[in-house]
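To start, the structure under review is shown below, and the notes come after it.
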Amino acid sequence: MLQVHPTPAGYQVPHGPAVAAKAYMPVMVPNRVVVRPAAPLQPMVALPRAPVQVQRPICQAGVQTTLFGHRKPGAWEGCYSLVKTLGKGCFGTVHLVKPRDGGEERVVKEVPFKPNMPRESVLREIENMKAMDHPHVLKVFEYYESIGKICMVLEACKGGELQDLIAAHARSGLALPERFISEVMGQSLEAISYCHSKNLIHKDLKAENIMLLHQVDIAAGDRPHCIIIDLGLAEMFLPSLPRGKIYGGTKTTMAPEVMFSNFGPK
1 MLQVHPTPAG
11 YQVPHGPAVA
21 AKAYMPVMVP
31 NRVVVRPAAP
41 LQPMVALPRA
51 PVQVQRPICQ
61 AGVQTTLFGH
71 RKPGAWEGCY
81 SLVKTLGKGC
91 FGTVHLVKPR
101 DGGEERVVKE
111 VPFKPNMPRE
121 SVLREIENMK
131 AMDHPHVLKV
141 FEYYESIGKI
151 CMVLEACKGG
161 ELQDLIAAHA
171 RSGLALPERF
181 ISEVMGQSLE
191 AISYCHSKNL
201 IHKDLKAENI
211 MLLHQVDIAA
221 GDRPHCIIID
231 LGLAEMFLPS
241 LPRGKIYGGT
251 KTTMAPEVMF
261 SNFGPK
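So for the sequence shown, UniProt numbering puts the first residue at 1; every next one is plus one.
What follows is the structure, encoded as structure tokens:
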């Protein structure tokens, strides 16, 4: 066994094979090998990296928006082919369309500018939808603007309004299953809770403003997928404006706080 002897210069090792030791550093000197204590190992410290910042568009209320909902040049007919017209009312015309390059069907909502529906109101609704990114809140993909109207390309909710489903069951004398009701309530509350976390209050939540993404057969036990729509009356809160002031909604379903203009983010 190789012996190591202390010397004033360190530790002396007789001539022989080199010795590897974690705690000692060999130094070559004439006629002997001196092993001196090595400096203690310093722990490796990772140098801090500069954070990677991804720039995303910001809406007027300061909320990060998704990559959807931007204005596109031209007319929607250049990118979509008409499948059929779903309806026409005082707030515009709704078409079912299909992308010309393939993909899922979507809905085009043409909204003409009117005194009770100015351009700013339509753009505010688009900004509100852009700021929301939730599976139970209606998604806007893009929009087109021409003289006198804006055309929004929206998610297609092929299951219709929740109100129509409720009315159909009422006419047939059948009650909605408790499981179906609980799932609709749960998904709607998830969507509204998400909106509130973004400082957005809907102010017009009702059965007519809840759509079903797909057709459901309640008797067969199909599960619903609810979509909250119509953010035209929604209001975004800012730190400088902690209380709501815009009166709006449907009186039969309006919250008392909204009716008396005394509501806020909480």
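Positions of the beta carbon are idealized from the N, C-alpha and C atoms, including for glycine.
Source: prediction; values computed, not measured.
- Message: Measuring straight from C-alpha to C-alpha, what distance separates residue 187 and residue 153?
- Response: 23 angstroms
- Query: For residue 83, does the three-state DSSP call read helix, strand or coil?
  - Reply: strand
- Inter-residue Cα distance where the pair is residue 251 and residue 223: 30 angstroms
- Item | Where the alpha helix (DSSP H) containing residue 180 begins and where it ends | 178 to 197
- Query: When burial is assigned at 16 or more other CB atoms within 10 Å of the CB, is residue 235 buried or exposed?
  - Reply: buried
- By a C-beta neighbour count over all protein chains shown, 10 Å radius and 16 as the cutoff for buried, is residue 156 buried or exposed? buried
- Contact set for residue 22: own chain, Cβ-Cβ below 7 angstroms, skip 5 residues either direction: Reliability of the predicted coordinates at residue 22 is poor, the pLDDT of 42 falling under 50, and no value is obtained from them.
- Burial state of residue 185 (16 or more Cβ within 10 Å): exposed
- Item | CA-to-CA distance, residue 189 to residue 106, given in whole angstroms | 25 angstroms
- Query: Taking C-alpha atoms, which residue in 142, 108, 119, 117 lies nearest to residue 129?
  - Reply: 142
- Query: Got a sec? Which residues, its chain only, sit under 8 angstroms from residue 92 by beta carbon, not counting five neighbours each side?
  - Reply: 109, 110, 111, 112, 149
- residue 147 by DSSP, collapsed to three states: which one? coil
- Item | Residue interval of the alpha helix (DSSP H) (run including residue 229) | Neither: residue 229 is in no alpha helix (DSSP H) and is coded neither H nor E.
- Could you give the DSSP three-state label for residue 174: helix, strand or coil? coil
- Of the residues 74, 96, 90, the one placed nearest residue 81, counting alpha carbons only: 96
- Give me the Cα-Cα distance between residue 136 and residue 226, rounded to the nearest whole angstrom. 6 angstroms
- Note the first and the last residue of the continuous alpha helix (DSSP H) segment covering residue 119. 119 to 131
- Query: Is the distance from the Cβ of residue 216 to the Cβ of residue 138 below 9 angstroms?
  - Reply: no
- Of all the options 211, 206, 132, 230, which has the alpha carbon lying nearest to the alpha carbon of residue 199? 132
- What residues in its chain sit with their C-beta under 6 angstroms from that of residue 209, if we drop five residues either side in the sequence? 229, 230
- Query: Per DSSP, residue 211 forms a beta bridge with which residues?
  - Reply: 161, 227
- Message: Between residue 166 and the ligand GDP, is there a pair consisting of the residue's CB and a ligand heavy atom that are separated by less than 8 angstroms?
- Response: With respect to the ligand GDP, the structure shown offers nothing to examine, as it has no ligands at all.
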